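Residue numbers (full-length UniProt numbering): 1 to 739. Every residue gets a Cβ at the ideal spot worked out from N, C-alpha and C, and that includes glycine. Small disclaimer: the values here were computed from a predicted structure and weren't measured. Data first, discussion second: the structure below is written as structure tokens.
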Amino acid sequence: MITNQIGKPANRVDGRAKVTGEAKYAAEFSAPDLTYGFVVSSAIAKGRIKSIDASQALQLDGVLQVFTHENRPGYIWGDKNYQDKDSPPGSPFRPLYDNEVQFSMQPIALVVADTFELARYAASLVKVEYVTQEFDTDFEANIGKAYVPEQYKSNPPPEPWGNPDEALASAAVKIETEYAHPSEHHNPMEMHASTVVWGDGGKMTIYDKVQGVQNSQQYIAKAFALPMEEVHVISPFVGGAFGSGLRPQYQLFLAVLAARELKRSVRVVLTRQQMFSFGHRPKTVQRFALGASTDGKLEAVMHDAFAETSKFEDYSENVVIWPGVLYHCDNVKVSHKLVALDVYTPLDMRAPGGATGIYALECAMDELAYKVGMDPLEFRLKNYSERDQNEDKPFSSKELRECYRQGAEKFGWNKRSKEPRSMREGHNLIGWGMAHGAWEATQKPAAAKAVLSADGKLTVSCATADIGTGTYTVMTQIAADTLGMPLEDVTFKLGDSSLPMSPLEGGSWTVSSVGSAVKAVCDKVGEKLLKLAQQMPGSPLASVTFKDIIFADGQIKLKNNPAQGVAVTDIINQGGFEGIEEDVSNEPDKGQSNYGRYAHSAVFVEVKVDEDLGTVKVTRVVSAIAGGRIMNPKTAKSQILGGVVWGIGMAMEEETVMDNNLGRFMNHDLDKYHVPVNADVHDIDVIFVEENDDIVNPIGAKGLGEIGIVSVAPAIANAVFHATGKRVRDLPITLDKAM
Ligand code: MOS
């Protein structure tokens, strides 16, 4: 039987290529006479470049050019306010546009040489004189100046409902509390890189590290005033991204600029330090005023967020939508304001707004649960929400209760003793904490193409990406499943701007959006196959419609009589078959918008805190997920594991520290910016609860890229409180704070 590819724990179809090194990243593509660019980064946070002297660098044999704002060609940046598909409102940073420095480590020159080492050395010889200007990178000092942006990046925060002020005033149990988390920087395994291959007649083939090849294509076409057809962007494999590749980054622009000016192939790779010059999760402070009745019924929620942005773009996230999704409460008021600093614009990082908003909300709710004297899980059940209150809609599906039940059972939650500092093992204090969370299940328009060739092989394509999440594998499964084929006969192509239109690979919407397009285009191939089968002499399918058949075991079968069917190979092998080619452009069903659509999670955590040293070990995590239909339990589990590991990093380690005297993030290296390593990661259990949803999209999958991280940091923080009796209200929970 080769039916039902969906739901099987198939190995990654690209697994072998990944582990053998055959899978190439952007900086691994080569070209004859390749040249190498090295970026010179600004030493100041704000001001003007008075002079830039590249003469010493240019004297070196093998240095080809030093590009700066002074010699960049005038034809670029024609459309200087061009916004890419992930741009927040504002005016995007334009590399080498003029002599203005807007943030520390801003790229101000590109040195191009015959070798990488020479370019790097020559970059050290570029002399820059600056006129510095006053700058402000102090978030805390500027919270008082926080403002409501003219336009939010996605939706504005929901309007209040009920009478939150009155309800809070009259609530029997109240808390007011404030939570904070720092800026965090993207540190994917693969550094940002672009290799531009210069071809005949100036045709460029651009290998870029990105989550949207068509976004990069449009960006370059706009920046360099080129027709789209002349810009070909390819990105077959991405060594981690989760937001850092949503916007085209400056190495792409610089590599293309150099290639066009030198008429040579150019590669630009950022250093690990330069990875800290863009793309951070914005520092956020969140204030809560919560009210409940003595029996734990939530009566008022006020949630106000203040988040960092740059001076030139209003970056915002959905930080405060979560009370309305996760709790039933009749009186709610939320706000989200921005604090503009002289930093580069923040950027989406895995579950932007969710990981942070839910962290603070879930810690605050834990505090309230203690104050009313309720078990944290019981408290959440008591205030369970059956509707998306932000928009007053029913949920398309919500199996969160089942997440609680299965997660708690697996964890052994009922053995928890309620009081903080009441569980110990030798000199370790033991803490058990929990939190729940949600993430949007979104579908975007997407297109796909399918070609069934005369040798019986199917190729399906879309310009999406695989950032390591398993896109290749799951799309192959969906196509194979739709046409009843073995995985080996199906190839899925992605990461090429010339393929059918794809949304950015982000937002946990790839399976839902691209997967739905893949299913639709394979259905069209199926319809053609049925027509051909019906023309065969004595066809058992002669008088049926598409609804009456299934594709399974390489055959078209009658649904109500699967013994009757026609083999697809027989259709292909009858004379005159020239292959089938179909395209679809798929739109989400309009009816979806009548429902709140979310994946949900419940996370249970055990920590052990060394009473003498304050070191915290996250010894056990159980993450129970309701994410709709699970396309591939193996890749799905990996998504959740990765999210949990990142959540451990968020709770315990990750923090970029700003020196406000220099306006610079100081720990711009993996030496000082800590991410979890093996020694930090212990038992992780992942549970997928059954959830059927035929509203969310045609394949019923909600997306799993982000839900895995959202409840982890608060569950850890709540466990640390349970262990120590001390509330740490700012991340990361380093040992100095824990005790
Ligand atoms: Mo995700 S932060 O949309 O890659």
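Please check the pair residue 213 and residue 470, which I expect to be a contact at CB under 8 angstroms, by giving their CB distance rounded to whole angstroms.
-> Not a contact, Cβ separation roughly 18 angstroms.
Between the CA atoms of residue 623 and residue 638 - distance to the nearest angstrom = 12 angstroms
In angstroms, rounded to a whole number, what distance separates the CA positions of residue 422 and residue 603?
-> 21 angstroms
Min CB distance residue 376 to chain D below 7 angstroms = Annotation note: the requested chain D is absent from the structure, which comprises a single protein chain.
Check residue 1 in the structure and name its three-state DSSP category.
-> Bear in mind that the predicted position of residue 1 carries a pLDDT of just 44, short of 50, making it too unreliable to give a figure here.
Distance, Cα to Cα, residue 546 vs residue 526?
-> 8 angstroms
Residue range of the beta strand (DSSP E) that includes residue 610 = 598-610
Can we count residue 350 as close to the ligand MOS, meaning its CB is less than 6 angstroms from some heavy atom?
-> yes
Beta strand (DSSP E) runs contained entirely in the segment 190-249, provided each spans 3 or more residues | 193-198, 204-208 and 231-234
Going along the chain, which residues of its own chain have a beta-carbon closer than 6 angstroms to the beta-carbon of residue 328, five neighbours each way excluded?
-> 383 and 385
According to DSSP, is residue 161 helix, strand or coil?
-> strand
Note down, one range per segment and in chain order, each beta strand (DSSP E) of at least 3 residues found wholly within the segment 8-54.
-> 35-41 and 47-53
Any heavy atom of the ligand MOS within a distance shorter than 6 angstroms of the CB on residue 665?
-> no
Under 6 angstroms Cβ to Cβ from residue 2, same chain only, skipping five residues before and after it: list those, please.
-> Low local confidence applies: a pLDDT of 47 at residue 2 is under 50, so the model's placement there is unreliable, and no value is given.
Residue of 311, 548, 625 and 636 minimising C-alpha distance to residue 741 | This structure gives no information on residue 741, because the portion of the chain shown stretches from 1 to 739.
Applying the criterion that 16 or more other CB atoms from any shown protein chain within 10 Å of the CB defines a buried residue, is residue 94 buried or exposed?
-> buried
Using the beta-carbon count (16 or more within 10 Å), is residue 166 buried or exposed?
-> exposed
Beta-bridge partners of residue 291, as assigned by DSSP | 174 and 300
Ignore the nearest five residues each way along the sequence and tell me which others in residue 621's own chain have a CB closer than 6 angstroms to its CB.
-> 605, 644 and 684
Would you check whether the ligand MOS has a heavy atom nearer than 6 angstroms to the C-beta of residue 237?
-> no
Best match in 659, 728, 704 and 635 for proximity to residue 10 [C-alpha to C-alpha] | 635
Could you work out which residue in 738, 669 and 718 is closest to residue 614 when comparing CA atoms only?
-> 738
Report yes or no: do the segment 267-275 and the segment 649-660 share at least 3 C-beta pairs separated by less than 8 angstroms?
-> no
Nonlocal neighbours in the same chain, by C-beta distance under 7 angstroms from residue 266, ignoring five residues either side = 35, 37, 112, 196, 255, 258 and 259
How big is the Cα-Cα spacing for residue 173 and residue 162?
-> 18 angstroms
Does DSSP classify residue 696 as helix, strand or coil?
-> coil
Select from 414, 689, 137 and 647 the residue whose C-alpha is nearest the C-alpha of residue 354.
-> 647
Would you say the beta carbon of residue 507 comes nearer than 6 angstroms to a heavy atom of the ligand MOS?
-> yes
Grab me the residues of residue 62's own chain with a C-beta within less than 6 angstroms of its C-beta, minus the 5 sequence neighbours each way, in chain order.
-> 113, 114 and 118
Taking the continuous beta strand (DSSP E) assigned at residue 683, which residues delimit it?
-> 683-688
Can you tell me the Cα-Cα spacing of residue 393 and residue 324, whole angstroms?
-> 11 angstroms
Residue span of the beta strand (DSSP E) that contains residue 585, given as start and end = 580-586
Segment limits, alpha helix (DSSP H) that includes residue 717 = 712-724
Sequence-distant residues of the same chain with beta carbon closer than 6 angstroms to residue 18, five excluded per side = none
Apply the 10 Å Cβ neighbour rule to residue 677 and answer buried if 16 or more other Cβ atoms are within range, or exposed otherwise.
-> exposed
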